[in-house]
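Reading through the structure tokens given below for one structure.
Protein chains: 2
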Amino acid sequence: MYKLLKTIGRAKRGEFHTPHGVIQTPVFMNVGTCAAIKGALSSEDLERIKCQVELSNTYHLHVRPGDEIVKKLGGLHKFMAWDKPILTDSGGFQVFSLAQLRKIKEEGVYFSSHIDGRKIFMGPEESMRIQSNLASTIAMAFDECAPAKADRSYVENSVARTTRWLKRCKTEMDRLNSLDDTINKKQMLFGINQGAVFDDIRIEHAKIISDMDLDGYAIGGLAVGESHEEMYHVIEQTVPYLPQNKPTYLMGVGTPENILEAVERGIDFFDCVLPARNGRHAHVYTNKGKLNLLNARYELDDTPIDDECQCPTCRRYSKAYIRHLFKAKEMLAMRLCVMHNLYFFNNLMEEIRSSIDNDTFFEYKKMRLEGFKTAENDKVIYKRNKTL
Amino acid sequence: MYKLLKTIGRAKRGEFHTPHGVIQTPVFMNVGTCAAIKGALSSEDLERIKCQVELSNTYHLHVRPGDEIVKKLGGLHKFMAWDKPILTDSGGFQVFSLAQLRKIKEEGVYFSSHIDGRKIFMGPEESMRIQSNLASTIAMAFDECAPAKADRSYVENSVARTTRWLKRCKTEMDRLNSLDDTINKKQMLFGINQGAVFDDIRIEHAKIISDMDLDGYAIGGLAVGESHEEMYHVIEQTVPYLPQNKPTYLMGVGTPENILEAVERGIDFFDCVLPARNGRHAHVYTNKGKLNLLNARYELDDTPIDDECQCPTCRRYSKAYIRHLFKAKEMLAMRLCVMHNLYFFNNLMEEIRSSIDNDTFFEYKKMRLEGFKTAENDKVIYKRNKTL
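Chains as they are written, first to last, in my numbering: chain G, 58 to 445; chain E, 58 to 445.
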């Protein structure tokens, strides 16, 4: 159940009540594809970096260890020892981006596993059954994420099928939630809006799925190649046709800048692999822009990544130490940076929520966007390298 | 300062007072070669797994990031954010095992770095200077670790040189500790007994170095190819000629069995890469023997590695989850197993200390040795696989 606490313009401040606790929104979900955050973060670490929702990937867990195994082990929460909310994606995006020899039919998608080439079929019912086995808090509908540059007729057909699939998802989820041996009988279902960059298709689709009374609504198919301006435009056009009293989730987005812009346009759920991936490559976020810790200027820098940051990494370790760990190929380097980056995103969301609470969202957003452009440390060395 | 609290037979229970706190012995030191435990463990993790002493490698840190850098950053303790004792080895063992194009001379050893082939010279004075820059709690003397199968005349010459080197180490360490800009002016120095498997050379050398009034004494050159029986024999022969009122350190050893046998023979410091390396390969220790978590029988095993273990891994995660993490190539797998294994060793030492305190060491040793032989879980599957 979503409770809209406050709005500033279109920006929403909400509370989403789930069987695994209340999610304060806007929220950034931390991606643990295979039921673990890449970079050796444990569920215990997640608790320490202000993570509210963990996101696991249905396709990956179906392939390995197998959703039936996870069900036998009591579901994802017990499996990964995390008792707060978990969202599972539908597998759709991975089927379209990772899998090989893909064939889309009305019943679903035939494809080969990216791990062992094994033939797999996944349709709406299969995706719901897998997610029910995983017993996540929130399941995502099985959709087609059409290519950003797909032509109008392809997108029209694809969206119409996605709508038919959504109805089948809802029917199957209702059925699964009523079964005796289902682990989470209150599993929630979010629908996904598609339509590439065609405003009218997006709006028409938003209207149709809004009538289906789902637990939340995602905007999918963005951040797949279109410009930031196109993305913001689609959000602006679509959000007004999604129910305001339900969560709105912008899938796979994005940078801190993207998040601030999308919150302003009415989004309150986010997820992205960016902070963890960047962390594994020594790129860390600060309110003054990103730093590259491999940079020689940090060799003797005994200060934390960010003086003001309260994450487990910044409270204890210096840039010089982390840089050394990367150079020495110590796994700890990645863990420290991923912890910092995820904390940075989770903390950004906390600050965004406070700023809405305190009627200072626009000022906060302006301040942060200006700060991110500074990147003072790295700019200095960039200039220096150029003159050398 | 070492305080001998109690003995049972030759087994010692001691307290070693250092500028970075008191070490309760017998103790197992946790090896963090490049100032970090391999497997993404942080110094914060070390505090949680009962680690008393961290061990870093002089040679590795000299090559990268460089001991001058570590000194500028305030020494190893500040660098890795660990305020308890740190022991650094002398670099000698790595020079003899890792480095290329090695030439041993009276002044020291000429060799090429294993990382970039750079020519390096290291002698007793260089080793002391590097360790003084690192500012560890305990420095080890620069010695030659002669091959286990070296002939008598080679070992005689080598040990005589190691004795001359030890005198130079002590002179240089005294000088360094008196300098104004030395970080740890109370750095301690342990001498190293050598002599391969020749009892009389070992004993003669032990007598000579015992007279030098060092802070502690190590037995080096074992666990390099000789049998366990030969190793135990050397310890039995040598320990009586080392001062009882100083720590005795068996370098690079070993298995839980080795440790119990060596404690009985008067050893109170240990270190070994085994638990961390085994952990990274899914081999975990229990009081009923080692388990291989990759084993198919753990696919649905929702119990911890060891029901009785209080480590951060066993308190929260199941064998099935850890096995999945290994299969999915998630770094977290290694971290969870390394944490468990190091905790197992640190906890074993705590139990050994209690058993000496309570006059039950021999009973405790017997019980553990019998338990280690059980390995019930893995034996079952081993048999099963053979009949299949």
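Glycine included, every Cβ here is placed at the ideal spot set by N, Cα and C.
Quick caveat, the model's predicted, so the values are computed rather than measured.
With distances taken Cα to Cα, identify the nearest neighbour of D257 of chain G among G:I266, G:D268 and G:Q294. Counting from 1 along the first sequence, the entry for residue 257 of chain G is found at position 200. Out of G:I266, G:D268 and G:Q294, G:Q294 has the C-alpha closest to the C-alpha of D257 of chain G.
Beta-carbon contacts of K243 of chain E that lie in its chain and below 6 Å, excluding the five residues immediately before and after: Residue 243 of chain E sits at position 186 when you count from the first residue of the second sequence. So the list reads P76, once near-sequence residues are dropped.
Residues in the same chain with beta-carbon distance under 6 Å from K95 of chain E, minus the five sequence neighbours each way, listed in chain order, please. To locate residue 95 of chain E, count along the second sequence from 1; it is residue 38. A333, listed in sequence order.
Looking at the strands, I want to know which residues DSSP matches up with D113 of chain E. Sequence index remark: in the second sequence, residue 113 of chain E carries index 56 (1-based). According to the sequence displayed, residue 113 of chain E carries Ser and not Asp. Its beta-bridge partners are E:T145.
Taking P181 of chain E and W222 of chain E to be in contact with their CB atoms under 8 Å, please state how far apart those CB atoms are, rounded to whole angstroms. Here the question's residue 181 of chain E lines up with position 124 in the second sequence. Here the question's residue 222 of chain E lines up with position 165 in the second sequence. So it is a contact: roughly 4 Å between Cβ atoms.
Run through DSSP, which three-state label would M197 of chain E get? Indexing the second sequence from 1 puts residue 197 of chain E at position 140. Strand.
Mind checking whether I240 of chain G and A192 of chain G have CB atoms under 8 Å apart? Counting from 1 along the first sequence, the entry for residue 240 of chain G is found at position 183. Counting from 1 along the first sequence, the entry for residue 192 of chain G is found at position 135. Yes, the Cβ-Cβ distance between I240 of chain G and A192 of chain G is below 8 Å.
Taking the alpha carbon of F401 of chain E as the point to measure from, which residue in E:A353, E:H340 and E:I161 has its own alpha carbon closest? Residue mapping note: residue 401 of chain E aligns to position 344 of the second sequence, counting from 1. Of the candidates E:A353, E:H340 and E:I161, the one whose C-alpha sits nearest the C-alpha of F401 of chain E is E:H340.
Look at the Cβ atom of M86 of chain E, then the Cβ atom of D328 of chain E, and state whether they are nearer than 8 Å. The residue given as residue 86 of chain E occupies position 29 in the second sequence. The residue given as residue 328 of chain E occupies position 271 in the second sequence. The answer is yes: Cβ separation under 8 Å.
Alpha carbon to alpha carbon, how far is T370 of chain G from P361 of chain G? Give it in angstroms, no decimals. Locating residue 361 of chain G in the first sequence gives position 304, where the first residue counts as 1. Locating residue 370 of chain G in the first sequence gives position 313, where the first residue counts as 1. Roughly 8 Å separates the two Cα atoms.
If you measure between the beta carbons of A217 of chain G and A253 of chain G, is that distance less than 8 Å? Translated into positions along the first sequence, residue 217 of chain G becomes position 160. Translated into positions along the first sequence, residue 253 of chain G becomes position 196. For A217 of chain G and A253 of chain G, no; Cβs fall outside 8 Å.
Start-to-end residues for the beta strand (DSSP E) that takes in M179 of chain G: Here residue 179 of chain G refers to the residue found at position 122 of the first sequence. Element bounds for M179 of chain G: K176 to M179.
Under a three-way DSSP split, which group does A192 of chain E fall into? On the second sequence, residue 192 of chain E is found 135 positions in, with the first residue counted as 1. If DSSP states are grouped into helix, strand and coil, A192 of chain E belongs with coil.
Kindly indicate which three-state DSSP category K107 of chain E falls into: helix, strand or coil? By one-based count along the second sequence, residue 107 of chain E stands at place 50. The answer is coil: DSSP assigns K107 of chain E none of H, G, I, E or B.
So what's E72 of chain G in DSSP terms, helix, strand or just coil? Within the first sequence, numbered from 1, the residue matching residue 72 of chain G stands at position 15. Strand at E72 of chain G.
Can you find the residues in the same chain that come closer than 7 Å, C-beta to C-beta, to N355 of chain E, ignoring five residues on each side of it along the sequence? Here residue 355 of chain E corresponds to residue number 298 of the second sequence, with the count starting at 1. Reading off the sequence, residue 355 of chain E comes out as Tyr, not Asn. Taken in chain order, the residues that qualify are K376, A377 and R380.
Kindly indicate which three-state DSSP category G278 of chain G falls into: helix, strand or coil? Translated into the one-based positions of the first sequence, residue 278 of chain G becomes position 221. G278 of chain G falls in the coil class under three-state DSSP.
I'd like to know whether the C-beta of M58 of chain G is nearer than 8 Å to at least one C-beta of chain E. Along the first sequence, one-based indexing puts residue 58 of chain G at 1. Taking Cβ atoms only, chain E never reaches closer than 8 Å to M58 of chain G, which makes this a no.
Can you list, in chain order, the residues of its chain with a C-beta nearer than 6 Å to that of T219 of chain G? Leave out the 5 residues immediately preceding and following it. What you label residue 219 of chain G is simply residue 162 of the first sequence in a count that begins at 1. Result list for T219 of chain G: D200, E201 and Q251, in chain order.
According to a CB-to-CB cut-off of less than 8 Å, which residues of the region 90–115 of chain G neighbour chain E? In summary, the residues of the region 90–115 of chain G whose CB is separated from some CB of chain E by less than 8 Å are C91, A92, A93, I94, K95, G96, A97, L98, S99, S100 and E101, in the order they occur in the chain.
Can you check whether the CB of G336 of chain E is closer than 8 Å to the CB of N398 of chain E? The residue you call residue 398 of chain E lines up with position 341 of the second sequence. The residue you call residue 336 of chain E lines up with position 279 of the second sequence. In contact: N398 of chain E and G336 of chain E (Cβ atoms closer than 8 Å).
Continuous beta strand (DSSP E) stretch holding G346 of chain G: start and end: In the first sequence, counting from the first residue as 1, residue 346 of chain G sits at position 289. Element bounds for G346 of chain G: G346 to N349.
How far does the alpha helix (DSSP H) with Q294 of chain G in it reach, from first residue to last? Numbered from its first residue, the first sequence carries residue 294 of chain G at position 237. Counting along the chain, the alpha helix (DSSP H) containing Q294 of chain G begins and ends at H285 to T295.
Whose C-beta lies closer than 6 Å to the C-beta of N434 of chain E among residues of the same chain, with five residues either side of it excluded? By one-based count along the second sequence, residue 434 of chain E stands at place 377. Its pLDDT being 48, under 50, N434 of chain E is placed unreliably by the model, and the measurement read from it follows with that caveat. If we look at N434 of chain E and ignore the five residues flanking it on each side, its Cβ neighbours are L348.
Note down the Cα distance separating K436 of chain G from K384 of chain G, rounded to an integer number of angstroms. Here residue 436 of chain G corresponds to residue number 379 of the first sequence, with the count starting at 1. Here residue 384 of chain G corresponds to residue number 327 of the first sequence, with the count starting at 1. Note on K436 of chain G: pLDDT 44, under 50, position unreliable in the model; no value is reported.
Answer yes or no: does any C-beta atom of chain G fall closer than 8 Å to that of H381 of chain E? Taking the first residue of the second sequence as 1, we reach residue 381 of chain E at position 324. Yes - at least one Cβ of chain G is within 8 Å of the one on H381 of chain E.
Taking Cβ positions only, does Y6 of chain E come closer than 8 Å to chain G? An answer regarding residue 6 of chain E cannot be provided, because it is not within the stretch 58 to 445 covered by chain E.
Which residue from E:V166, E:K129 and E:G311 puts its Cα closest to that of D238 of chain E? Taking the first residue of the second sequence as 1, we reach residue 238 of chain E at position 181. Taking only the C-alpha atoms, the option nearest D238 of chain E is E:K129.
Check whether the region 227–234 of chain E touches the region 169–178 of chain E, counting contact only when three or more Cβ pairs, one atom from each stretch, lie closer than 8 Å. no
Quick one: give me the first and last residue of the beta strand (DSSP E) that K423 of chain G is part of. Counting from one through the first sequence, the residue named residue 423 of chain G turns up at place 366. Segment F418 to T431 is the alpha helix (DSSP H) holding K423 of chain G; no beta strand (DSSP E) there.
What would DSSP say about Q81 of chain G, mapped onto helix, strand or coil? As a first step, residue 81 of chain G is located in the first sequence; it is residue number 24 there, counting from the start. Three-state result, Q81 of chain G: strand.
Measure the Cβ-Cβ separation of A198 of chain E and S235 of chain E and say whether it is below 8 Å. To locate residue 198 of chain E, count along the second sequence from 1; it is residue 141. To locate residue 235 of chain E, count along the second sequence from 1; it is residue 178. It is not a contact, given that the beta carbons lie outside the stated cut-off.
Using DSSP with H/G/I as helix, E/B as strand and the rest coil, what is F401 of chain G? The residue you call residue 401 of chain G lines up with position 344 of the first sequence. Note: F401 of chain G maps to helix in three-state DSSP.
Buried or exposed for L118 of chain G, please, with buried defined as at least 16 other CB atoms from any protein chain shown within 10 angstroms of its CB. Walking along the first sequence from the start, residue 118 of chain G turns up at place 61. Classification of L118 of chain G: buried, given that the 10 Å Cβ count is 16 or more.
With a CB to CB cut of under 6 Å and the five nearest residues on each side skipped, what residues in its chain are close to Q188 of chain E? Indexing the second sequence from 1 puts residue 188 of chain E at position 131. T115, T145 and A196, listed in sequence order.
Residues near L445 of chain E by beta carbon distance below 8 Å, same chain, minus five either side: Walking along the second sequence from the start, residue 445 of chain E turns up at place 388. Because the pLDDT at L445 of chain E is just 29, under 50, the model does not fix this residue reliably, and the value given afterwards should be weighed accordingly. Around L445 of chain E: no qualifying Cβ.
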